[in-house]
Amino acid sequence: DAGVIQSPRHEVTEMGQEVTLRCKPISGHDYLFWYRQTMMRGLELLIYFNNNVPIDDSGMPEDRFSAKMPNASFSTLKIQPSEPRDSAVYFCASADGVSSGNTIYFGEGSWLTVV
Amino acid sequence: AQTVTQSQPEMSVQEAETVTLSCTYDTSESNYYLFWYKQPPSRQMILVIRQEAYKQQNATENRFSVNFQKAAKSFSLKISDSQLGDTAMYFCAFMNQGAQKLVFGQGTRLTINP
Chain V
6 DAGVIQSPRH EVTEMGQEVT LRCKPISGHD YLFWYRQTMM RGLELLIYFN
56 NNVPIDDSGM PEDRFSAKMP NASFSTLKIQ PSEPRDSAVY FCASADGVSS
106 GNTIYFGEGS WLTVV
Chain D
703 AQTVTQSQPE MSVQEAETVT LSCTYDTSES NYYLFWYKQP PSRQMILVIR
753 QEAYKQQNAT ENRFSVNFQK AAKSFSLKIS DSQLGDTAMY FCAFMNQGAQ
803 KLVFGQGTRL TINP
């Protein structure tokens, strides 16, 4: 079975440019998460969706960040405009939330460098 | 708010040895879930083992086992017969029952030496 699929795996962009990260969750999973990993702050939950609806976006750092989930098989995380401090690994993850505590499966991450 | 603390930033052992990674957490809840994730150099987060707080029996997955001490709020990971492929960052994580939010510790970098 295919896992969580993220693209791009690596991106280098210039400050001020728009960045779009993409995610395809595991088929049948009704929860989707976006995490960010940095050396300073570790792994942080940015936002999560349930049945395509954003449930908690309290981790989104500022208005430059936005996330959408137009359907059950696709989500995007957009940064506009990007800044060097946004450099991080961004993980998408999904879970079958039928019963609480189900395993959250992570994608391979998108490594973003903003110069 | 729940917090997860991993007090060992780095550890190093020889191949075939047994190693224990520490994790403590803070919560006022009684029902929750605990996880250990492995992050190899490829950066992918891989679930190693999972424990339900209401189960007294410690979870085991092949060479990986946990020592869950609910009263002490401790959740350590033991790796037996360590292998070179176990070299990775290991993250302890917590999730409240009824929630879907994982709270991670800062991680322990484990190196297995030949």
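Chains V and D are the protein sequences, given in the same order.
Per the numbering used here, the first sequence starts with residue 6, numbered consecutively.
Per the numbering used here, the second sequence starts with residue 703, numbered consecutively.
Cβ atoms here follow ideal geometry from the backbone N, Cα and C, with glycine treated the same way.
Hey, could you find the ends of the beta strand (DSSP E) residue i is sitting in?
i, result
"ASN760(D)", "Segment: none, ASN760(D) is in no beta strand (DSSP E) and carries neither H nor E."
"TYR756(D)", "It is not in any beta strand (DSSP E) - TYR756(D) carries neither H nor E in the DSSP assignment."
"LEU26(V)", "24-29"
"THR705(D)", "705-707"
"SER778(D)", "776-781"
"THR18(V)", "15-18"
"SER78(V)", "Careful: SER78(V) lies outside any beta strand (DSSP E) and carries neither H nor E."
Tell me, to the nearest whole angstrom, how far the beta carbon of residue i is from that of residue j; I am working on the premise that it is less than 8 Å.
i, j, result
"GLN753(D)", "PHE766(D)", "Actually they do not touch by this definition, with Cβ atoms about 11 Å apart."
"ILE814(D)", "SER784(D)", "5 Å"
"PHE739(D)", "ALA755(D)", "The sequence shown places Tyr at residue 739(D), not Phe. Not confirmed; about 18 Å, so no contact."
"CYS28(V)", "GLN11(V)", "5 Å"
Does residue i come out as helix, strand or coil in the three-state DSSP assignment?
i, result
"PRO89(V)", "helix"
"ASP728(D)", "strand"
"ASP788(D)", "helix"
"ALA795(D)", "strand"
"GLN808(D)", "coil"
"PRO59(V)", "strand"
"THR720(D)", "coil"
"GLN42(V)", "strand"
"SER714(D)", "strand"
"VAL119(V)", "strand"
"ILE52(V)", "strand"
Quick one: which chain V residues come within Cβ less than 9 Å of residue i?
i, result
"LYS775(D)", "In chain order: nothing, as chain V lies at least about 17 Å away."
"GLY787(D)", "Those do not exist, as GLY787(D) stays about 17 Å from chain V at its closest Cβ, beyond 9 Å."
With 16 as the cutoff for other CB atoms within 10 Å, does residue i come out buried or exposed?
i, result
"PHE33(V)", "The amino acid at residue 33(V) is misidentified as Phe; the sequence shows Gly. The residue is exposed, with fewer than 16 neighbouring Cβ atoms inside 10 Å."
"ASN764(D)", "exposed"
"LYS757(D)", "exposed"
"SER714(D)", "exposed"
"GLY21(V)", "exposed"
"VAL721(D)", "buried"
"PRO89(V)", "exposed"
"THR707(D)", "exposed"
"SER730(D)", "exposed"
"ILE748(D)", "exposed"
Show which residues of chain D have a CB atom less than 8 Å away from the CB atom of residue i.
i, result
"GLU113(V)", "SER744, ARG745 and GLN746"
"THR118(V)", "Near THR118(V) there are no residues of chain D at all, since even the closest Cβ is about 14 Å away, more than 8 Å."
"TYR36(V)", "GLN802"
Counting only Cβ pairs nearer than 7 Å, list the residues of chain D close to residue i.
i, result
"GLY102(V)", "GLN802"
"THR108(V)", "LEU749 and ARG752"
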